[in-house]
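Peer 1: Counting with our numbering, you get residues 111 to 472 for the letters of the sequence shown.
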Amino acid sequence: MHKRSLACLLCAAAVITSGQRFVHAQTIHVKVDGETIIGKPVLWNDHMVTVMQRDGAISEFSPLQAKDYKLLAKDFNLFSRADLYLQLKQEFQGYEVSASYQYLIVHPKGQQQLWSKRFEEIYRSVLHYFSVRNIDTQPSPLPFIAIVFNNESEYLHHLANECDYNASRTLGVYLFKTNRIYLYDATREQADGSQGYEDWLINANTIIHESAHQAAFNIRVQRRFGAAPAWVSEGIGTLFEAKGVWNAFKYRLEKDRINEHRLGQFKRTVNELNFAETVKNLISSDRMVKSSATKGYGTAWAMTFFATERRPTQYANYLKTMHARDPFNHYTVAQRLEDFRKNFGDVDLFIRDMQNFYRDKN
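1) Report the rounded CA-to-CA distance for K400 versus L181, giving the unit in angstroms.
2) Roughly how many angstroms separate the alpha carbons of P422 and R243, rounded to a whole number?
3) Counting only beta-carbon atoms, is L383 nearer than 9 angstroms to chain D?
4) Using only CA atoms, which one of K405, Y205, A176 lies nearest to D156?
5) Identify every residue that forms a DSSP beta bridge with V258.
6) Quick one: residues in its chain with C-beta nearer than 8 angstroms to the C-beta of T431, no 5 flanking neighbours on either side, listed in chain order?
7) Is it the case that the Cβ atoms of I317 and F240 are separated by a distance below 9 angstroms?
8) For M464, which of helix, strand or coil comes out of DSSP?
9) Specify the secondary structure class of K177 as computed by DSSP and reduced to three states.
10) Quick one: grab the DSSP three-state call for P218.
11) Assuming R333 and F286 are in contact, meaning their beta carbons sit under 8 angstroms apart, how far apart are those beta carbons, in whole angstroms?
12) So who's on the other strand from V389, going by DSSP bridges?
13) State the start and end residues of the unbroken alpha helix (DSSP H) segment that holds H371.
14) Any idea which residues DSSP pairs A183 with across the strands?
15) By the DSSP assignment, the beta strand (DSSP E) with Y284 in it spans what residues?
16) What would DSSP say about F438, mapped onto helix, strand or coil?
17) Under a Cβ-count criterion, where at least 16 other Cβ atoms within 10 Å of its own Cβ denotes burial, should N381 be classed as buried or exposed?
18) By DSSP, does D302 sit in helix, in strand, or in coil?
19) At the level of alpha carbons, what is the spacing between A386 and I461?
20) Of the choices L373, T418, T137, D436, whose alpha-carbon is the least far from that of R469?
21) Can you tell me which of the three DSSP states E170 falls into?
22) Please classify T146: does DSSP put it in a helix, a strand, or coil?
23) Could you spell out where the beta strand (DSSP E) holding S208 opens and where it closes?
24) What residues in its chain sit with their C-beta under 8 angstroms from that of A122, if we drop five residues either side in the sequence?
25) Which residues in the same chain as G455 place their Cβ atom closer than 7 angstroms to its Cβ, once the five residues preceding and following it in sequence are excluded?
26) For L213, write down the residues that DSSP places opposite it in a beta bridge.
27) So what does DSSP say about Q197, is it helix, strand or coil?
So, in structure tokens, the structure goes:
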């Protein structure tokens, strides 16, 4: 379908704000490069259409790519839990699909109890950590979906079609566009064929990090659309790698909540002469997280841990400030710095207090 035709059909249902169109709830059918997409248009302009599908996945495409457009309904409903279960059974034949309180998990046959227990523990830990710090959460409208592959080969084969980067050095990923976690079991099996707690730890950090991303977006600590600085997203992911965060019911001391690996990265960064600029760059831009794992992830963790441990009210208000922003307008450098100052105060004073907080941490 021609771009103008699609635009005309969407326009009647749209509210126009600063050049962006927000479409009221409706369900459309469209074909893009031969693929059928059914869902709710959440944003469109002359260059891009964003559609949320009924399973929570996000599709983005140019209006020029759209063909065979149809308006299916003037409202929109996400899939039910039963619908999603059947979809996953069809999509991943040869695997089992298990339902737990919060998750639908695709996994190798006979491993229901193994994975359901692990993911539910992570979810409860995420909910607990934010709740005790009075950080707003909301129930997810969809179950969380996790896909556990038999081995690395099947994992990489599937992600080759889903992922826009090389996943060969990963044990697991959370993909924003599908809202799913993908992983494979890299644990060693014991002589009797069972898997012990220490074996599970081989997978744990990666799975916990990615699960924290998924949970934060789905319980609305962060929004899937809009202002979401990378330091906040990766700060949350790295925060939960520490045993005292993801297993706070067993490990209750502050030292247990310290991520020793990320603390080491931060310590190497904090001694650099331009450390203050590093923090300011992390607040104002996402480039550092993408270009330097040591500086980006280590400092993002340090900022998040300090904020949630010592300034939880300010951190909660900072998240609320980002939630209040127009989700589809560009989040400028000036706005990012202003939002930070509005909630945490002077950036240089924040940096000084953070350095003092970590001075005796080893």
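Don't be surprised by glycine CBs; every beta carbon is placed ideally from N, CA and C.
Peer 2: Concretely, from the data shown:
1) 39 angstroms
2) 6 angstroms
3) No chain D is part of this structure, which consists of one protein chain only.
4) A176
5) L293
6) D449, K452, N453
7) no
8) helix
9) strand
10) coil
11) So it is not a contact: roughly 11 angstroms between Cβ atoms.
12) According to DSSP, which records beta bridges pairwise, V389 is partnered with nothing at all.
13) 370 to 380
14) T137
15) 282 to 285
16) coil
17) exposed
18) Below a pLDDT of 50, predicted positions are generally treated as unreliable, and D302, at 43, falls in that range; the measurement from the model is reported next regardless. Of the three classes helix, strand and coil, the one that applies to D302 here is coil, per DSSP.
19) 7 angstroms
20) L373
21) strand
22) strand
23) 206 to 209
24) Residue placement at A122 cannot be trusted, given a pLDDT of 46 that sits under 50; the coordinates are not used to answer.
25) none
26) According to the sequence shown, residue 213 is Tyr rather than Leu. Beta-bridge pairing links Y213 to F254.
27) helix
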